[in-house]
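Asker:
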Amino acid sequence: RSLDDLTIGPVISWTTERMMAHKDAVLSIPGAKVLFGGKPLDPSSHSIPSIYGAIEPTAVFVPLKSMLESPKAFEIATTELFGPFQVVTEYGDEDIDSIIEACERMSHHLT
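All residue numbers for the sequence shown refer to my numbering, where the first residue is 2 and numbers rise by one.
1. I need the straight-line Cα distance from LEU7 to HIS47, nearest angstrom please.
2. Kindly indicate which three-state DSSP category VAL63 falls into: helix, strand or coil?
3. Please name the residue in SER29, PRO85, ALA55 whose C-alpha comes closest to that of THR17.
4. First and last residue of the alpha helix (DSSP H) that includes VAL27?
5. Quick one: what's got a C-beta closer than 8 Å to VAL27's C-beta in the same chain, skipping five residues either side?
6. Cβ atoms of HIS23 and THR90: under 8 Å apart, would you say?
7. Using the Cβ count rule (16 or more neighbours within 10 Å means buried), how would you classify ILE49?
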């Protein structure tokens, strides 16, 4: 990914600082870990104004059980940044009730 070919670009609705704080909040969920990315873009590599977000494409793994443990954890894990940030989980056939619960908890069904 690169700014040169526009496969990375600014996020106009979240600042870099806010996205990093959100990443840290997601990582506070037990068992969460960064799969890739998770850092601001090198400031010397772009001229994106600080009022916008500029982070590496990022994926954070959150265990399904941990995500569902509390309303706060669920809210954090399902907050949509509309940027290069995704929360990843895994599930199996034995988790169908948890998947249904997660789907029913989502207010906008965006994530």
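A virtual CB, placed ideally from N, CA and C, is assigned to each residue, including glycine.
Answerer: On the basis of the supplied data:
1. Roughly 12 Å separates the two Cα atoms.
2. Residue state, collapsed to three classes: coil.
3. The option with the nearest alpha carbon to THR17 is ALA55.
4. Counting along the chain, the unbroken alpha helix (DSSP H) around VAL27 starts and ends at 17-28.
5. Around VAL27: ALA33, VAL61, VAL63, ILE77, ALA78, VAL88.
6. Cβ atoms of THR90 and HIS23: not closer than 8 Å.
7. Counting C-beta atoms within 10 angstroms of its own C-beta, ILE49 has 16 or more neighbours from the protein chains shown and is therefore classed as buried.
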